[in-house]
Amino acid sequence: MVLIEFGLPNRMVEWVITCVTTVSYSLVINGGLTERFQAKKGLRQGDPMSPYLFVLVMEYLNRSLKQLRYDPNFNYHPKCSRQELVHICFADDLIMCCRADKGSIQLMMKAFEHFSSVSGLQANLDKSSFYVAGVTDEFRDQILQEMRFTLGEIPFKYLGVPLSSRKLTIQQCMPLVEKIIARIRCWSSKLLSYSGSNESSRKALVAWDNMCLPKAAGGLNIINFEQWNKAAICKLLWSLSHKKDTLWVQWIHSFYIKTRNLADLVTPKQACWLVRKIFDARKWFPNTDPITHLAQFSVGGRFSIKQAYFSFIPQLPRVPWRNLVQSKGALPRHRLLLASDCKIDWLRIDGCKWGVQVSQSCVLCNTLEVETMEHLFFGCRYSRFVWHTLLHWVGLQRRIGTWAEEIGWLSKAVNNNRPRANILGFIATATVYTIWVERNARRFQAKARSNVQLIRDIILQLHSRGQNQSKWSRMLHSLNSYPV
Ligand SMILES: [Zn+2]
Numbered sequence: 109m110v111l112i113e114f115g116l117p118n119r120m121v122e123w124v125i126t127c128v129t130t131v132s133y134s135l136v137i138n139g140g141l142t143e144r145f146q147a148k149k150g151l152r153q154g155d156p157m158s159p160y161l162f163v164l165v166m167e168y169l170n171r172s173l174k175q176l177r178y179d180p181n182f183n184y185h186p187k188c189s190r191q192e193l194v195h196i197c198f199a200d201d202l203i204m205c206c207r208a209d210k211g212s213i214q215l216m217m218k219a220f221e222h223f224s225s226v227s228g229l230q231a232n233l234d235k236s237s238f239y240v241a242g243v244t245d246e247f248r249d250q251i252l253q254e255m256r257f258t259l260g261e262i263p264f265k266y267l268g269v270p271l272s273s274r275k276l277t278i279q280q281c282m283p284l285v286e287k288i289i290a291r292i293r294c295w296s297s298k299l300l301s302y303s304g305s306n307e308s309s310r311k312a313l314v315a316w317d318n319m320c321l322p323k324a325a326g327g328l329n330i331i332n333f334e335q336w337n338k339a340a341i342c343k344l345l346w347s348l349s350h351k352k353d354t355l356w357v358q359w360i361h362s363f364y365i366k367t368r369n370l371a372d373l374v375t376p377k378q379a380c381w382l383v384r385k386i387f388d389a390r391k392w393f394p395n396t397d398p399i400t401h402l403a404q405f406s407v408g409g410r411f412s413i414k415q416a417y418f419s420f421i422p423q424l425p426r427v428p429w430r431n432l433v434q435s436k437g438a439l440p441r442h443r444l445l446l447a448s449d450c451k452i453d454w455l456r457i458d459g460c461k462w463g464v465q466v467s468q469s470c471v472l473c474n475t476l477e478v479e480t481m482e483h484l485f486f487g488c489r490y491s492r493f494v495w496h497t498l499l500h501w502v503g504l505q506r507r508i509g510t511w512a513e514e515i516g517w518l519s520k521a522v523n524n525n526r527p528r529a530n531i532l533g534f535i536a537t538a539t540v541y542t543i544w545v546e547r548n549a550r551r552f553q554a555k556a557r558s559n560v561q562l563i564r565d566i567i568l569q570l571h572s573r574g575q576n577q578s579k580w581s582r583m584l585h586s587l588n589s590y591p592v
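Counting from 109, one number per residue, gives the positions in the sequence shown under this note's numbering.
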C-alpha cells in the first residue's frame, strides 16, 4: 500500500510483493539441508531488498507526520516548533515529540497508528517509553493510562550516547571515556612497546611532537590528536555556515545565530558547552574571517579535516634521513630513535637541560674524544667497527664517511622495496639504535658489551625480524653465519 501511494508502477509493486511473500528458508542441520519452508513473516533484516523497502516505508511515516502541521489542534514541542520537528529517527530508533497536551498527543499517535496499519510495522511497546515534563501528576497518569505507555526516565541512551535534559555529568560520560582508553591501551601495547619492556614504564621516551611530524620532515606521521580534534571542531564550525539543511545546524541558527552574522557574533553564554566550543573555535583565526578562512579546506562541498589538520601542524623542511626512517625493514623502536635523535641534539640534552654534569668524553672507545653525534656515528673506533663489519657482511665494500655522508648514502640505498634495501634499512637503523643503547648502558648503568657482541645481537635481531618477511629468506639464507 505504501508503494502504491508513492506512485510506483503496479507491475513493480507486484514484483516486490512476490519477493516478499514467497520467501522460503532451508536450514543446514547435521550437514544436510532440510526441506524448504515458507517464511510467514516475510522479509527479514539482512535481505538485500529490505533496506530499500525500509527507507520507503520510513519516508511514508515522515510524510504523514508532516501532515500534522496543517492540523490546527496540533502543537509542536516548544523547542521544536521553529524547525517544525515532530520526529527524529535513525534506522529503527524513533523519537517523536510534541507539546504535552492531550490533543497533540492523540493526533501524533493517530498518525503513527495509521502508519502502523498501512505498513504493518508495529511499535514494540515494551521497548517504547514516554517522557514528559512540566505537567501535573494527574495529567501524566491519565495520559499513561489512556495510551498504555510506560513512563521513561531521562537520561536514557540513544545510539549509545546518554541523552539528558541538563548537562551530562562525568559519571554519564565515563563509559565512553573508558571505551576509548581501552582501545588506546590495546593499540599502544601492541605497537609501541619500547625496547620490549613496556611493563616498567608507560611513559613515552621520545619527543612526541617530533613523532607527529610528517615523514618527509623526519617524523613518523603519527596523528597529533589535539590538533586533529581542533580540525574536527573546525569542520563543525564550517558546517554551521554551509550545511543549512542539517537539523542541528538549523537548530543552532534558529536559537543562537538567528539573522546575525556568524563571524562577529558573541559566543552565547546560555548555550551548552558543546555549542560554545564550536563558537569559540572562531578565536583560532584572529585576523581573518574564520568562515572564509575555513572555506579553503572544503572540496566540492565537503570539508576535509585532514587538510585543516595539515595547516595546523608546522611545516618543516624535508630531512635527509626520511628514507631511512621510512624503510620497510626497520623495527618501530629503531625508527622512533632515529626520528627523534636527529632533531633534538640528545647529546647536549643529557648534560645541560637537566643540569646533570656528565663527562663529555666517549664511553665507547674510552678515549678523550668528545662525544658528539659525529663521533658516535661513526667517527668512534668502536662503532665504526660495528658498522663496517655489518656492511662487509652484507657484501658492501665502502669507505665509511661522516654521519651526514652515511645518511646521504643510505637514503638513496634504501629507497626501494627490494629485500636488499629493506635488510640494509634494518641493519642501519638497528645499528644506530643498538649503539645508542650501549652508550646509555655504559654511561648510566656501568654495563658494557664488546662490539662483537653488538654485531651478533644485531644479526640475531635481523634473523628474527626475517621470520615473517618471506621475501628476505633468500638473502638471509646466504647470511647465516656471524662475520666475527
Ligand atoms: Zn668513541
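Beta carbons: idealized from backbone N, C-alpha and C, even for Gly.
Given the structure is predicted, the values throughout are model-derived calculations rather than measurements.
Less than 7 Å between C-beta atoms, sequence neighbours within five positions excluded: which residues of the same chain meet that for residue i?
i: threonine 142; result: Ser134, Leu135
i: phenylalanine 420; result: Gln335, Lys338, Ala339
i: glycine 260; result: Ser237, Phe238, Tyr239
i: tyrosine 590; result: Arg564, Ile567
i: asparagine 332; result: Cys320, Ile421
i: leucine 215; result: Leu176, Asp179, Asn181, Phe182
What did DSSP end up calling residue i once you bin it into helix, strand or coil?
i: proline 283; result: helix
i: methionine 204; result: strand
i: tyrosine 266; result: strand
i: serine 224; result: helix
i: serine 236; result: coil
i: arginine 410; result: strand
i: threonine 126; result: helix
i: valine 121; result: helix
i: histidine 185; result: coil
i: phenylalanine 493; result: helix
i: serine 435; result: coil
i: valine 110; result: helix
i: serine 273; result: coil
i: phenylalanine 198; result: strand
i: glycine 487; result: helix
i: glycine 242; result: coil
i: isoleucine 278; result: helix
i: leucine 141; result: strand
i: valine 383; result: helix
i: valine 136; result: strand
i: leucine 373; result: coil
i: leucine 215; result: helix
i: isoleucine 457; result: Confidence in isoleucine 457 is poor, its pLDDT being 42 and thus under 50, which makes the residue's placement too unreliable to answer from.
Is it the case that the Cβ atoms of residue i and residue j are separated by a distance below 8 Å?
i: leucine 164; j: phenylalanine 114; result: yes
i: alanine 529; j: leucine 570; result: no
i: isoleucine 262; j: leucine 271; result: yes
i: serine 469; j: glutamate 477; result: yes
i: phenylalanine 411; j: lysine 343; result: yes
i: alanine 379; j: proline 398; result: no
i: alanine 536; j: leucine 518; result: yes
i: cysteine 127; j: methionine 157; result: yes
Sorted by chain position, which residues of the same chain lie with C-beta nearer than 6 Å to residue i's C-beta, five sequence neighbours on each side aside?
i: glycine 574; result: Trp580, Leu584
i: tryptophan 454; result: Unreliable placement is indicated for tryptophan 454, whose pLDDT of 46 sits below 50; no coordinate value is reported for it.
i: valine 243; result: Ala208
i: tyrosine 541; result: His442, Leu445
i: glutamine 358; result: Gln191
Sort the options by Cα distance to residue i and report the nearest one.
i: glutamate 167; options: Leu202, Ser491, Ile515; result: Leu202
i: cysteine 188; options: Arg177, Phe198, Asn181; result: Arg177
i: valine 407; options: His350, Phe182, Thr396; result: His350
i: alanine 199; options: Phe257, Tyr266, Ser212, Phe418; result: Tyr266
i: leucine 382; options: Trp356, Thr400, Phe393, Phe485; result: Trp356
i: serine 273; options: Ile196, Trp429, Ala241; result: Ala241
i: arginine 582; options: Ser572, Pro527, Ser558; result: Pro527
Got a sec? Which residues, its chain only, sit under 8 Å from residue i by beta carbon, not counting five neighbours each side?
i: asparagine 118; result: Ile112
Practice task
Could you name each continuous alpha helix (DSSP H) segment of 4 residues or more that falls completely within the segment 512-592, going from the start of the chain to the end?
Solution key: 527-553, 559-574, 581-586
Exercise for the section: Tell me the start and end of each unbroken alpha helix (DSSP H) in the segment 154-178 that is at least 4 residues and wholly inside, in chain order. Expected result: 158-174
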